[in-house]
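First comes the structure, then the notes that go with it.
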Amino acid sequence: MARVKKIMFVCTDNTCLSNMAAAVFEGIRGEREISVASRGLVVLFPEPINQKTVAILKSHHLELLEEEAKPLERKDFIPGTLVLTMTAAEKHQVKERFPEMPNIFTLREFTGQEGDIVEPLGGTLADYGACYEHIDLLTKVAAEIIFKEETENDSVGM
98 MARVKKIMFV
108 CTDNTCLSNM
118 AAAVFEGIRG
128 EREISVASRG
138 LVVLFPEPIN
148 QKTVAILKSH
158 HLELLEEEAK
168 PLERKDFIPG
178 TLVLTMTAAE
188 KHQVKERFPE
198 MPNIFTLREF
208 TGQEGDIVEP
218 LGGTLADYGA
228 CYEHIDLLTK
238 VAAEIIFKEE
248 TENDSVGM
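Residues in the sequence shown are numbered consecutively from 98, following this note's numbering.
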């Protein structure tokens, strides 16, 4: 995979899961020149982020990158964009809409695992917290993979 210049976390409505992952990645990105964004596949209007998501992120001292849901659009892609979806169905939808984009994976797939990340829609704050813990772990593993490739690419270029 080419050097990652932008990481795009994508979920269905961009009000929960992709925002959690983007906030975690932004929190560990440091000075690396990788931009981070969060988008949704079915965003009909700029809906506010789920309040339980906001509460969980605040409890972990993380901030939202966006205040409202935003749809995934062609203009969101730059060369070197890595798209990480939460489910296989979302990955399939992104590939159908943007067939020319090469680096599209589920977050679990990218980290060597199988299955989907299920949104705790309608669940308790504890359900959202458990979901956050899962996304936090997967996002940190994904970051390690990206940062390792970045380091290896730098050493090859020397």
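Glycine residues also receive a C-beta, built at the ideal position from the N, C-alpha and C atoms.
Can you tell me where the beta strand (DSSP E) with residue i in it begins and where it stops?
i           : result
residue 198 : Element bounds for residue 198: n/a, residue is neither H nor E.
residue 107 : 103 to 108
residue 179 : 178 to 182
Please tell me whether residue i and residue j are closer than 7 Å, where the distance is taken between their beta carbons.
i           : j           : result
residue 161 : residue 116 : yes
residue 203 : residue 239 : no
residue 219 : residue 102 : no
residue 180 : residue 107 : yes
residue 225 : residue 149 : yes
residue 184 : residue 213 : yes
Going by DSSP in three states, residue i sits in which element: helix, strand or coil?
i           : result
residue 117 : helix
residue 191 : helix
residue 130 : coil
residue 205 : helix
residue 212 : coil
residue 248 : helix
residue 136 : strand
residue 235 : helix
residue 160 : coil
residue 222 : helix
residue 241 : helix
residue 165 : strand
Report buried or exposed for residue i, applying the criterion of at least 16 other Cβ atoms within 10 angstroms of its Cβ.
i           : result
residue 245 : exposed
residue 199 : exposed
residue 134 : buried
residue 137 : buried
residue 187 : buried
residue 205 : buried
residue 125 : exposed
residue 196 : exposed
For the alpha helix (DSSP H) containing residue i, list its first residue and its last residue.
i           : result
residue 150 : 148 to 156
- Query: Okay, do the segment 233 to 249 and the segment 113 to 129 touch, 3+ Cβ pairs below 8 Å being the bar?
  - Reply: yes
- Item | Stretch-stretch touch, CB-based, cutoff 8 Å, three pairs: the segment 100 to 114 with the segment 164 to 173 | yes
- Please determine if the segment 170 to 181 and the segment 137 to 152 are in contact, where contact requires at least 3 C-beta pairs separated by less than 8 Å. no
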